[in-house]
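Engineer: Here it is, the structure in full.
Protein chains: 2
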Amino acid sequence: MTVLVVGSVALDSVETPFGKADNVLGGSANFFAASASHLTPVQLVGVVGTDYPMHDMQALAKRGVDLAGLEQADGASFRWRGRYRHDLNSAETLETHLGVFSHFRPKIPAQFRDAPFVFLANIDPRLQLEVLEQVRQPRLVACDTMNFWIESRRPELLELLKRVDLITLNDGEARQLTETSNLVKAARWILARGPKHVIIKKGEHGAFMFTEKTVFYAPAYPLEDVFDPTGAGDAFAGGFMGYLARSGDLSEANFRRAVIYGSAMGSFAVEKFSIERLLEIDAKQLASRVGDFRKLVAFEDEL
Amino acid sequence: MTVLVVGSVALDSVETPFGKADNVLGGSANFFAASASHLTPVQLVGVVGTDYPMHDMQALAKRGVDLAGLEQADGASFRWRGRYRHDLNSAETLETHLGVFSHFRPKIPAQFRDAPFVFLANIDPRLQLEVLEQVRQPRLVACDTMNFWIESRRPELLELLKRVDLITLNDGEARQLTETSNLVKAARWILARGPKHVIIKKGEHGAFMFTEKTVFYAPAYPLEDVFDPTGAGDAFAGGFMGYLARSGDLSEANFRRAVIYGSAMGSFAVEKFSIERLLEIDAKQLASRVGDFRKLVAFEDEL
Chain E
480 MTVLVVGSVA LDSVETPFGK ADNVLGGSAN FFAASASHLT PVQLVGVVGT
530 DYPMHDMQAL AKRGVDLAGL EQADGASFRW RGRYRHDLNS AETLETHLGV
580 FSHFRPKIPA QFRDAPFVFL ANIDPRLQLE VLEQVRQPRL VACDTMNFWI
630 ESRRPELLEL LKRVDLITLN DGEARQLTET SNLVKAARWI LARGPKHVII
680 KKGEHGAFMF TEKTVFYAPA YPLEDVFDPT GAGDAFAGGF MGYLARSGDL
730 SEANFRRAVI YGSAMGSFAV EKFSIERLLE IDAKQLASRV GDFRKLVAFE
780 DEL
Chain Y
480 MTVLVVGSVA LDSVETPFGK ADNVLGGSAN FFAASASHLT PVQLVGVVGT
530 DYPMHDMQAL AKRGVDLAGL EQADGASFRW RGRYRHDLNS AETLETHLGV
580 FSHFRPKIPA QFRDAPFVFL ANIDPRLQLE VLEQVRQPRL VACDTMNFWI
630 ESRRPELLEL LKRVDLITLN DGEARQLTET SNLVKAARWI LARGPKHVII
680 KKGEHGAFMF TEKTVFYAPA YPLEDVFDPT GAGDAFAGGF MGYLARSGDL
730 SEANFRRAVI YGSAMGSFAV EKFSIERLLE IDAKQLASRV GDFRKLVAFE
780 DEL
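Quick mapping for you: the protein sequence lines, in order, are chains E and Y. Residue numbers for the first sequence follow our numbering, beginning at 480 and rising by one. Residue numbers for the second sequence follow our numbering, beginning at 480 and rising by one.
Structural data, given as structure tokens:
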């Protein structure tokens with residue numbers, strides 16, 4: 480089954496202790512699509528300017544990402560320039576130029592409106608709500624968000640929570656949204672406001688998935704070389720949604736497997752700049768890493 | 480089989496966002512013993528002053544902790560006063576009075592010298608080495624350490640590494656010791672210098688156990704109320720060593736189970752002040768929490 484993603488399509492310039500990359504493909508929708516397309520067909524909705532390297536998007540198109548919803552508008556593309564220090568835990572934003580993204584109003588093409596799986600990547604909650612007006616009865620809607628919207632669009636974000644099945648957010652965002660330092664309590668706060676699943680991403684410390692009655696935890700893969708953390712969260716979401724969409728199975732057991740696929744995709748994303756590594760890997764490498772996750776947490780019952 | 484612990488026996492005064500406790504049992508050896516004694520007989524070696532509330536130690540004695548190695552010396556007991564802010568991640572030390580602990584020279588009683596399992600809790604590496612001179616052919620020796628010794632006793636600590644089978648340390652200490660930010664590389668650095676197992680504790684983010692060929696990861700239990708983090712690491716070590724000593728099985732599979740028992744004990748330790756919760760729990764509660772750890776990370780194979 481198809482997954483629809485609506486989010487940013489950007490040009491990133493990133494500096495890490497291990498190198499730098501200039502004007503490479505970035506943005507939540509690109510990372511999500513590069514990841515999810517390993518598992519299921521993807522429909523992408525976003526906006527770029529006239530300066531965007533559209534030929535570079537062909538790598539995604541070849542992987543089964545339908546770009547019919549990628550609008551090219553007059554003006555400059557969204558550009559982000561950032562730097563990671565040695566600990567790689569948080570990006571320092573050096574420049575942000577929203578360009579045409581600042582006037583983005585998602586228009587879902589007619590042929591995308593029946594998408595059974597929808598991911599509302601990190602954009603203005605008002606636009607996320609507009610997307611929901613345009614799609615018909617999806618089986619699962621998930622959203623992401625960030626500190627900026629939690630602060631500036633709180634009422635709209637709370638409205639959105641009522642209308643999504645799942646939210647992914649990082650630990651700092653969960654604490655900010657719920658004004659609660661304890662993550663278990665933060666998750667309960669969110670679950671009480673709509674979503675049936677809450678995924679709290681903790682970066683190098685893994686991810687929790689909470690439901691009303693269960694907690695599942697997936698570690699981050701212990702990599703020796705984390706090259707560039709940009710996009711790990713969106714690659715996680717892509718692996719997660721892609722896995723659910725591929726099987727169409729919404730059981731708890733399958734949600735858990737989906738979190739592991741998301742974690743595997745996140746671990747690949749950080750091994751190179753941009754979506755480079757996500758484009759390189761094949762089904763065998765993905766299966767092998769999922770197997771590594773199993774070994775990482777496996778312990779046998781006592782005799 | 481018996482486990483011998485050599486470490487500090489202190490009086491703690493702790494303030495957290497949830498309350499305060501004054502002059503309660505603390506120190507690495509107490510937390511370790513309260514935890515390990517749920518699984519196996521414990522022999523404790525340490526020193527206190529004439530002001531120590533020896534009657535409070537009876538709770539440990541009743542649980543099978545042999546206090547024959549607890550010396551009472553002329554002078555004041557080791558006292559620590561600390562505070563945790565809302566995030567509970569790091570203690571702020573307000574006062575430290577070493578008292579008789581500053582002249583501690585561990586004397587292992589004759590009847591303790593054949594202990595098959597030895598835990599050298601966080602004390603001066605020179606003293607940890609002195610303990611090793613006094614014990615006969617233990618099956619497994621593990622040690623802990625801290626930033627202060629990494630800085631001030633580096634040569635002695637490196638000498639100790641050659642002579643222990645396992646080291647537990649937290650992520651910050653691992654980075655400091657190895658001058659490496661990546662924990663996988665840090666673990667390899669330590670493994671190359673002696674220990675066959677390295678356990679890196681990440682507090683609320685769980686713990687890694689590294690061997691030359693394997694990595695195992697155990698999450699921290701997602702508690703709704705973390706009351707006082709003091710002693711969690713030593714309770715972890717107690718659960719871990721106690722589990723190994725109980726079975727005497729040094730297979731990889733058993734080491735993994737031991738890490739889960741350690742994690743379970745760490746999660747109990749933080750639910751109340753001092754060793755209070757560790758003294759309350761019973762075998763059923765421990766088994767139930769170990770079961771919860773299994774549910775927390777379990778995901779089924781694909782069909």
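Ideal Cβ placement from N, Cα and C applies to all residues, glycine included. As the structure is a computational prediction, the values presented were derived from the model and not from experiment.
1) I'd like to confirm the pairing. Which residues does DSSP put opposite residue 490(Y) in its beta bridges?
2) Tell me whether residue 537(Y) is buried or exposed, calling it buried when 16 or more other Cβ atoms sit within 10 Å of its Cβ.
3) Rounded to whole angstroms, how far is the Cβ of residue 564(E) from the Cβ of residue 571(E), which I believe are closer than 8 Å?
4) Starting from the C-beta of residue 710(E), find all residues in its chain whose C-beta is less than 6 Å away, skip the five residues before and the five after it, and write them out in chain order.
5) Compare the C-beta of residue 707(Y) with all C-beta atoms of chain E and state if any pair is closer than 8 Å.
6) For a contact meaning CB atoms closer than 8 Å, what does residue 732(E) contact in chain Y?
7) Quick one: give me the first and last residue of the alpha helix (DSSP H) that residue 630(E) is part of.
8) Does residue 601(E) pass the burial test, meaning 16 or more other C-beta atoms within 10 Å, or should it be called exposed?
9) Closer than 7 Å, Cβ to Cβ, to anything on chain Y: give me those residues from the segment 541-568 of chain E, in chain order.
10) Can you tell me the Cα-Cα spacing of residue 559(E) and residue 693(E), whole angstroms?
11) Could you spell out where the alpha helix (DSSP H) holding residue 740(Y) opens and where it closes?
12) Step through the CB atoms of chain Y and report whether any lies within less than 8 Å of the CB of residue 447(E).
13) Could you compute how far the alpha carbon of residue 546(Y) sits from the alpha carbon of residue 513(Y)?
14) Taking 7 Å as the cut-off, is the beta-carbon of residue 675(Y) closer than that to any non-hydrogen atom of the ligand HEM?
15) Using beta carbons (cut-off 8 Å, strictly below), is residue 684(Y) in contact with chain E?
16) Based on Cα-Cα distance, which residue from 543(E), 561(E) and 532(E) lies nearest to residue 551(E)?
17) Within the continuous beta strand (DSSP E) that includes residue 696(Y), where are the two ends?
18) Please report the residue range of the alpha helix (DSSP H) in which residue 519(Y) lies.
19) Any beta carbon of chain Y sitting closer than 8 Å to that of residue 696(E)?
20) From the beta carbon of residue 701(Y), is the nearest beta carbon of chain E less than 8 Å away?
21) Between residue 663(E) and residue 697(E), which are expected to be in contact by the criterion C-beta below 8 Å, what is the C-beta distance as a whole number of angstroms?
22) Tell me, to the nearest whole angstrom, how far the beta carbon of residue 669(Y) is from that of residue 646(Y); I am working on the premise that it is less than 8 Å.
23) Near residue 632(E), which residues of its chain fall below 8 Å by C-beta distance, leaving aside the five closest residues on each side in sequence?
24) Residues in its own chain within less than 7 Å of residue 705(E) by CB, not counting five upstream and five downstream?
25) Using the rule of at least 16 other Cβ atoms within 10 Å of the residue's Cβ for burial, across every protein chain shown, is residue 779(E) buried or exposed?
26) Whose Cβ in chain Y lies nearer than 7 Å to the Cβ of residue 660(E)?
27) Suppose the cutoff is 7 Å on Cβ atoms and the five residues either side in sequence are ignored; what does the same chain contact list for residue 486(E) look like?
28) Let me see if you follow: with CB-CB separation under 8 Å, is residue 602(Y) close to chain E or not?
29) Determine the extent of the alpha helix (DSSP H) in which residue 529(E) is found, giving its start and end residues.
30) Is there a Cβ from chain E that is less than 8 Å from the Cβ of residue 739(Y)?
31) Assuming residue 674(E) and residue 643(E) make a contact with CB atoms under 8 Å, what is their CB distance in whole Å?
32) I'd like to check one pair, residue 722(E) with residue 771(E): are the Cβ atoms closer than 8 Å?
33) Can you list, in chain order, the residues of its chain with a C-beta nearer than 7 Å to that of residue 637(E)? Leave out the 5 residues immediately preceding and following it.
34) Does any C-beta atom of chain E lie closer than 8 Å to the C-beta of residue 592(Y)?
35) Is any beta-carbon of chain E found at less than 8 Å from that of residue 736(Y)?
36) Start and end of the beta strand (DSSP E) containing residue 551(Y)?
Structural biologist: Reading it off the structure:
1) Reading the second sequence from its first residue, position 11 is the one you call residue 490(Y). DSSP, once it has assigned bridges, lists 504(Y) and 558(Y) as partnering residue 490(Y).
2) Taking the first residue of the second sequence as position 1, residue 537(Y) is located at position 58. Result: exposed.
3) As a first step, residue 564(E) is located in the first sequence; it is residue number 85 there, counting from the start. As a first step, residue 571(E) is located in the first sequence; it is residue number 92 there, counting from the start. Indeed, because the Cβ distance is near 7 Å, the residues count as touching under 8 Å.
4) As a working mapping, residue 710(E) is identified with position 231 in the first sequence. Taken in chain order, the residues that qualify are 510 and 748.
5) Numbered from its first residue, the second sequence carries residue 707(Y) at position 228. No, its Cβ sits nowhere closer than 8 Å to a Cβ of chain E.
6) Taking the first residue of the first sequence as 1, we reach residue 732(E) at position 253. What residue 732(E) touches in chain Y, judged by beta-carbon distance under 8 Å, is 778 and 779, going in chain order.
7) One-based indexing of the first sequence puts residue 630(E) at position 151. 626-631 is the span of the alpha helix (DSSP H), which, as asked, contains residue 630(E).
8) Locating residue 601(E) in the first sequence gives position 122, where the first residue counts as 1. So residue 601(E) counts as buried.
9) 565 and 566
10) Position 80 of the first sequence, counted from the start, is the residue given in the question as residue 559(E). Position 214 of the first sequence, counted from the start, is the residue given in the question as residue 693(E). The alpha-carbon atoms of residue 559(E) and residue 693(E) are separated by roughly 38 Å.
11) Mapped onto the second sequence, residue 740(Y) falls at position 261. It spans 731-748 - the alpha helix (DSSP H) in which residue 740(Y) sits, taken as one unbroken run.
12) With chain E running from 480 to 782 in the structure shown, residue 447(E) is simply not present.
13) Walking along the second sequence from the start, residue 546(Y) turns up at place 67. Walking along the second sequence from the start, residue 513(Y) turns up at place 34. A direct Cα-to-Cα measurement between residue 546(Y) and residue 513(Y) gives close to 12 Å.
14) Here there are no bound small molecules, and the ligand HEM is not part of this structure.
15) For this step, residue 684(Y) is matched to residue 205 along the second sequence. At least one chain E Cβ lies under 8 Å of residue 684(Y).
16) In the first sequence, residue 551(E) corresponds to position 72, counting from 1. Closest option to residue 551(E), Cα to Cα, is 532(E).
17) Counted from its first residue, the second sequence places residue 696(Y) at position 217. Segment 694-697, the beta strand (DSSP E) holding residue 696(Y).
18) As a first step, residue 519(Y) is located in the second sequence; it is residue number 40 there, counting from the start. Counting along the chain, residue 519(Y) falls outside any alpha helix (DSSP H), and DSSP gives it neither H nor E.
19) For the purposes of this step, residue 696(E) is taken as the residue at position 217 of the first sequence. Yes - at least one Cβ of chain Y is within 8 Å of the one on residue 696(E).
20) By 1-based counting over the second sequence, the position of residue 701(Y) is 222. It does; some Cβ of chain E falls within 8 Å.
21) Residue 663(E) sits at position 184 when you count from the first residue of the first sequence. Residue 697(E) sits at position 218 when you count from the first residue of the first sequence. Between residue 697(E) and residue 663(E) the Cβ distance is about 16 Å, and since that is not below 8 Å, they are no contact.
22) Stepping through the second sequence from its first residue, residue 669(Y) is reached at position 190. Stepping through the second sequence from its first residue, residue 646(Y) is reached at position 167. Yes, they are in contact, since the Cβ atoms of residue 669(Y) and residue 646(Y) sit about 6 Å apart, within 8 Å.
23) What you label residue 632(E) is simply residue 153 of the first sequence in a count that begins at 1. Hits under 8 Å: 603, 604 and 605.
24) On the first sequence, residue 705(E) is found 226 positions in, with the first residue counted as 1. Here the set comprises 567 and 749.
25) In the first sequence, the residue the question calls residue 779(E) occupies position 300. Its Cβ having fewer than 16 others within 10 Å, residue 779(E) is exposed.
26) Here residue 660(E) refers to the residue found at position 181 when the first sequence is read from its first residue. By Cβ distance, chain Y contributes 565 and 566.
27) Residue mapping note: residue 486(E) aligns to position 7 of the first sequence, counting from 1. So the list reads 506, 507, 508, 511, 525, 600, 601 and 602, once near-sequence residues are dropped.
28) Numbered from 1 along the second sequence, position 123 holds the residue referred to as residue 602(Y). It does not: the Cβ of residue 602(Y) has no partner Cβ on chain E nearer than 8 Å.
29) Numbered from 1 along the first sequence, position 50 holds the residue referred to as residue 529(E). Counting along the chain, residue 529(E) falls outside any alpha helix (DSSP H), and DSSP gives it neither H nor E.
30) The count along the second sequence starts at 1 and reaches residue 739(Y) at position 260. Yes, contact with chain E.
31) Counting from 1 along the first sequence, the entry for residue 674(E) is found at position 195. Counting from 1 along the first sequence, the entry for residue 643(E) is found at position 164. Rounded to whole angstroms, the Cβ separation of residue 674(E) and residue 643(E) is 6 Å, and the two are in contact under 8 Å.
32) What you label residue 771(E) is simply residue 292 of the first sequence in a count that begins at 1. What you label residue 722(E) is simply residue 243 of the first sequence in a count that begins at 1. Not in contact: residue 771(E) and residue 722(E) (Cβ atoms no closer than 8 Å).
33) If you number the first sequence from 1, residue 637(E) lands on position 158. Short of 7 Å from the beta carbon of residue 637(E), and not among the five residues preceding or following it, lie these beta carbons of its own chain, in chain order: 672.
34) What you label residue 592(Y) is simply residue 113 of the second sequence in a count that begins at 1. No Cβ of chain E is located within less than 8 Å of the beta carbon of residue 592(Y).
35) The count along the second sequence starts at 1 and reaches residue 736(Y) at position 257. Output row for residue 736(Y): interface = yes.
36) In the second sequence, the residue the question calls residue 551(Y) occupies position 72. Note, residue 551(Y): beta strand (DSSP E), 544-551.
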